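Note that the protein sequences, when read in sequence, are chains A and B.
Just so you know, the first sequence maps onto residues 1 to 166 in the working numbering.
Just so you know, the second sequence maps onto residues 1 to 289 in the working numbering.
Single-structure report; data block below.
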Amino acid sequence: MAVDILKRWALFVVLCMVQVLFLNHIWLFDVATPLLYMLFVITFRRNTPKWAILLWSFCLGLTIDTFTNTPGLASGCLTLTGMMQPYLAEVFLPKDAPEDIEISMRTLGISKFATLSLILTGTYCLIFFALEAFSFYNLLYWVECSVFSTALTMALLLAVESVRSK
Amino acid sequence: MSNLLDFLKKYHHWFLFILLEVISGVMLFRYNSYQGSVWLSSANVVAAKVYEVKSSVGALLSMTRANEELTQRNINLERQVAQLRRLYNEAVKDTTAAQKAELSALEQYRLVPAKVVSNSVSRLNNLMTIDKGRADGVETDMGVVCGNGIVGVVYLTSDHYAVVIPALNATTSRISCAIRGRNYFGYLHWTGGDPMRAYVEDVPRHAQFRKGEWVVTSGYSSIFPPGIPVGKIEKVYNSTDGLSYRLQVHLSTDFSCLRDVAVITDKSFAERTRLMEAVRDSMRAKGGM
Chain A
1 MAVDILKRWA LFVVLCMVQV LFLNHIWLFD VATPLLYMLF VITFRRNTPK
51 WAILLWSFCL GLTIDTFTNT PGLASGCLTL TGMMQPYLAE VFLPKDAPED
101 IEISMRTLGI SKFATLSLIL TGTYCLIFFA LEAFSFYNLL YWVECSVFST
151 ALTMALLLAV ESVRSK
Chain B
1 MSNLLDFLKK YHHWFLFILL EVISGVMLFR YNSYQGSVWL SSANVVAAKV
51 YEVKSSVGAL LSMTRANEEL TQRNINLERQ VAQLRRLYNE AVKDTTAAQK
101 AELSALEQYR LVPAKVVSNS VSRLNNLMTI DKGRADGVET DMGVVCGNGI
151 VGVVYLTSDH YAVVIPALNA TTSRISCAIR GRNYFGYLHW TGGDPMRAYV
201 EDVPRHAQFR KGEWVVTSGY SSIFPPGIPV GKIEKVYNST DGLSYRLQVH
251 LSTDFSCLRD VAVITDKSFA ERTRLMEAVR DSMRAKGGM
């Protein structure tokens, strides 16, 4: 239990640092940015209390916001994603899966993990960019940012998970 | 109580979710200038809309008094316009004549505002009750008008109420009218049916007029001063005997939603009534001889 918490903290710090120091500077074709910190929310264990998921997600979002100077933006979106994660994970987990199974590519398989990640990441990006623009004046731009950021994030997520699962 | 606690225990993560989202929302609007400004302008729009609705409701509640004042003002203005129009057509040379005539016309009549408390438009012989009576200076055979035109004649009074025979009374109502600017006169008669249409009978066949011209009170009775609107000429028919015209008039007064009226109390009314009664008595006596 303590080890898991420490692992979570380590993942938290690493993802934040990577995002803040490297990934936030990537803005491909003015539309796409990778959001690797989504990995933190997606990979919560099955029996993690929902309140804990919410608090972790909120804190992660707040930390990202602190570095990007957008208080409330990422924290609101990540809290919503954290709320969705346990319910969606139940859909993709096998019925005979252990209670404390870890959500990863190794346990779910590539297709299920990719689908779960796609739904969570896609939802996050849609809401994030909608709140960032706070207007649907340029609808096409919002769609482009959401779609391409999701795609870039998915590529990175799957790459990292495939390395982790080995 | 235990059910409530069980409910809170079961769904506590939803409350936490809402709380965290609210905190995020507050931070978003407070510390991000763009989102904050959009929120502020949207909030201003919402607040302005709420205040606008509140103001409309307030204006509606004060509409009663505004309506009374406007009715009074409308009647005064109509009389002034009629007076001015007559003087203009006559081309009076005395420059002070218009002012004198207007003042004398205004001095002659006093208006007692009243509210209609009972009304009907669907019967052949409709009657109306107003909330002013003898105690307010209302007498029988006084004219009743509204902001849009004539209403009728007072038939019966008590101390605080009066019954009015409106123009929509087929048996009794006969109001002397004239075509504005032409002075050809007839009398207004309602035949039932549409409460917005009546007929001006006995208009001479040599009268010249057009459809759409206004019919106003002629002033030949001791009840209504001249120039009060009656309605607009819609159609022209021949009378049953073919000797005169029968004008179909679209009444300017909407009797179906009448609320604010005014009774014309004429200072010279008593004198004229006495004079008329004296003439009738004298003619009766001569006829008896």
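The beta carbon of each residue, even a glycine, is placed where N, CA and C say it ideally should be.
If you're wondering where the values come from, they're calculated on a predicted model, not measured in any experiment.
Enclosing beta strand (DSSP E) for B/A198 [first to last residue]:
Here residue 198 of chain B refers to the residue found at position 198 of the second sequence. In this chain, the beta strand (DSSP E) harbouring B/A198 covers 197-204.
**Asked** Going by other Cβ atoms of all chains shown within 10 Å of its Cβ, with 16 needed for buried, is A/M171 buried or exposed?
**Response** Look at the range of chain A in this structure, 1 to 166, and you will see that residue 171 of chain A is not part of it.
Pull up the distance between the alpha-carbon of B/D241 and that of B/D136, whole angstroms please. Counting from one through the second sequence, the residue named residue 241 of chain B turns up at place 241. Counting from one through the second sequence, the residue named residue 136 of chain B turns up at place 136. Straight-line Cα distance between these residues: approximately 45 angstroms.
What in chain A is Cβ-close to B/V46, meaning under 7 angstroms?
-> One-based indexing of the second sequence puts residue 46 of chain B at position 46. Counting only Cβ-Cβ distances below 7 angstroms, B/V46 has no contacts in chain A at all, with the closest Cβ about 16 angstroms away.
Next item on the list: Report the three-state DSSP secondary structure of B/W214 (helix, strand or coil).
Entry: Translated into positions along the second sequence, residue 214 of chain B becomes position 214. The three-state reading of DSSP puts B/W214 in strand, counting E and B together.
Straight-line gap, A/P86 to B/L19 (C-alpha atoms, nearest Å): As a first step, residue 86 of chain A is located in the first sequence; it is residue number 86 there, counting from the start. As a first step, residue 19 of chain B is located in the second sequence; it is residue number 19 there, counting from the start. Roughly 19 angstroms separates the two Cα atoms.
### Task
Determine, using beta-carbon pairs with one atom in the stretch 3-10 of chain B and one in the stretch 29-44 of chain A, whether at least three such pairs fall under 8 angstroms.
Put simply, the stretch 3-10 of chain B does not touch the stretch 29-44 of chain A. Fewer than three CB pairs are less than 8 angstroms apart.
Item to complete: Leaving aside the five residues before and after A/K50 along the sequence, list all residues of the same chain whose C-beta is less than 7 angstroms from its C-beta, in chain order.
Response: One-based indexing of the first sequence puts residue 50 of chain A at position 50. Closer than 7 angstroms at the Cβ level, and outside the excluded window around A/K50, lie P86.
- Query: Count the other CB atoms within 10 Å of the CB of B/R210; is the residue buried (16 or more) or exposed (fewer)?
  - Reply: Within the second sequence, residue 210 of chain B is the residue found at index 210, counting from 1. Exposed is the call here.
Let me know the secondary structure DSSP gives B/A278 once reduced to three states.
Within the second sequence, the letter at position 278 stands for residue 278 of chain B. When secondary structure is reduced to three states using DSSP, B/A278 falls in the helix class.
* Could you tell me whether any Cβ in chain B is nearer than 8 angstroms to the Cβ of A/V14? => Within the first sequence, the letter at position 14 stands for residue 14 of chain A. Contacts with chain B at 8 angstroms (Cβ-Cβ) do not include A/V14.
In whole angstroms, what is the alpha-carbon distance linking B/F185 and B/M142? One-based indexing of the second sequence puts residue 185 of chain B at position 185. One-based indexing of the second sequence puts residue 142 of chain B at position 142. When only Cα atoms are considered, B/F185 and B/M142 end up about 21 angstroms apart.
task: Over the uninterrupted alpha helix (DSSP H) stretch that includes A/K7, give me the two end residues.
output: One-based indexing of the first sequence puts residue 7 of chain A at position 7. According to the DSSP assignment, A/K7 belongs to the alpha helix (DSSP H) that extends over 2-21.
Query raised in the report: Do B/L310 and B/S120 have their C-beta atoms within less than 8 angstroms of each other?
Result: One cannot answer for residue 310 of chain B here, as it falls past the ends of chain B, which runs 1 to 289.
Q: Check whether the Cβ of B/Q35 lies closer than 8 angstroms to any Cβ atom in chain A.
A: One-based indexing of the second sequence puts residue 35 of chain B at position 35. Judged by the 8 angstroms Cβ criterion, B/Q35 is in contact with chain A.
According to DSSP, is B/N238 helix, strand or coil? The residue given as residue 238 of chain B occupies position 238 in the second sequence. Looking at B/N238 - three-state DSSP - the assignment turns out to be strand.
Are the CB atoms of B/P229 and B/V249 within a distance shorter than 8 angstroms? The sequence position of residue 249 of chain B within the second sequence is 249, counting from 1. The sequence position of residue 229 of chain B within the second sequence is 229, counting from 1. No, the Cβ-Cβ distance between B/V249 and B/P229 is not below 8 angstroms.
(request) Determine, using beta carbons only, whether A/F40 comes closer than 8 angstroms to chain B. (result) On the first sequence, residue 40 of chain A is found 40 positions in, with the first residue counted as 1. Closer than 8 angstroms: no.
Check for me: the beta strand (DSSP E) holding A/Y137 runs from which residue to which? Working through the first sequence from its first residue, we reach residue 137 of chain A at position 137. Taken as a continuous stretch (DSSP letters only), A/Y137 belongs to no beta strand (DSSP E), as it is neither H nor E.
Within chain B, the residues that A/W51 reaches when beta carbons sit closer than 7 angstroms = Taking the first residue of the first sequence as 1, we reach residue 51 of chain A at position 51. By Cβ distance, chain B contributes H12, H13, L16.
**Request:** Could you tell me whether the Cβ of A/F134 comes closer than 8 angstroms to any Cβ of chain B?
**Result:** For the purposes of this step, residue 134 of chain A is taken as the residue at position 134 of the first sequence. It does; some Cβ of chain B falls within 8 angstroms.
When you compare only the Cα positions, how much space is there between B/Y199 and B/V50?
-> Walking along the second sequence from the start, residue 199 of chain B turns up at place 199. Walking along the second sequence from the start, residue 50 of chain B turns up at place 50. Computed Cα separation, rounded: 49 angstroms.
Q.
Could you check whether the Cβ of A/S165 sits closer than 8 angstroms to any Cβ belonging to chain B?
A. As a first step, residue 165 of chain A is located in the first sequence; it is residue number 165 there, counting from the start. Interface with chain B (8 angstroms Cβ-Cβ cutoff): A/S165 is excluded.
Buried versus exposed, by CB contacts within 10 Å (16 or more), B/G147 | Here residue 147 of chain B is taken as the residue at index 147 of the second sequence, counted from 1. Around the Cβ of B/G147, a 10 Å sphere holds 16 or more other Cβ atoms; the residue is buried.
Checklist line | Same chain, Cβ closer than 8 angstroms to A/D96, neighbours up to 5 away in sequence not counted | finding: Looking up residue 96 of chain A in the first sequence gives position 96. So no residue of the chain qualifies.
> For B/L5 and chain A, any beta-carbon pair shorter than 8 angstroms?
Replying inline: Locating residue 5 of chain B in the second sequence gives position 5, where the first residue counts as 1. B/L5 does not count as touching chain A.
Quick check: is any heavy atom of the ligand ADP less than 7 angstroms from the C-beta of A/S146? The ligand ADP is absent from the structure shown, which contains no ligand whatsoever.
In whole angstroms, give me the CA-to-CA distance for B/D131 and B/V144. Counting from one through the second sequence, the residue named residue 131 of chain B turns up at place 131. Counting from one through the second sequence, the residue named residue 144 of chain B turns up at place 144. When only Cα atoms are considered, B/D131 and B/V144 end up about 12 angstroms apart.
In chain E, what lies closer than 7 angstroms to A/F58 by C-beta?
-> The structure shown has no chain E; the protein chains it does contain are A and B.
Going straight from the alpha carbon of A/G72 to that of A/Y137, what length do you get?
-> Translated into positions along the first sequence, residue 72 of chain A becomes position 72. Translated into positions along the first sequence, residue 137 of chain A becomes position 137. Distance between the alpha carbons of A/G72 and A/Y137 is about 22 angstroms.
Below 7 angstroms on C-beta distance, what does A/M83 contact in chain B? If you number the first sequence from 1, residue 83 of chain A lands on position 83. What A/M83 touches in chain B: F17.
Chain-ordered neighbours of B/V38 on chain A, where CB pairs are closer than 8 angstroms:
As a first step, residue 38 of chain B is located in the second sequence; it is residue number 38 there, counting from the start. The answer, in chain order, is F134, S135.
| query | From B/L103 to B/Q83, what does the alpha carbon distance come to, in whole angstroms? | reply | Taking the second sequence and counting its residues from 1, the one referred to as residue 103 of chain B is at position 103. Taking the second sequence and counting its residues from 1, the one referred to as residue 83 of chain B is at position 83. For B/L103, the predicted model reports a pLDDT of 43, less than 50, meaning its position is unreliable and no value from the coordinates is stated.
- request: Consult DSSP for B/Y220 and reduce its assignment to one of helix, strand or coil.
  value: Along the second sequence, one-based indexing puts residue 220 of chain B at 220. B/Y220: coil per DSSP, three-state reduction.
Out of B/T140, B/F17, B/Y155, B/I179, which has the shortest C-alpha to C-alpha gap to B/R85?
Working through the second sequence from its first residue, we reach residue 85 of chain B at position 85. Nearest in C-alpha terms to B/R85, of all of B/T140, B/F17, B/Y155, B/I179, is B/I179.
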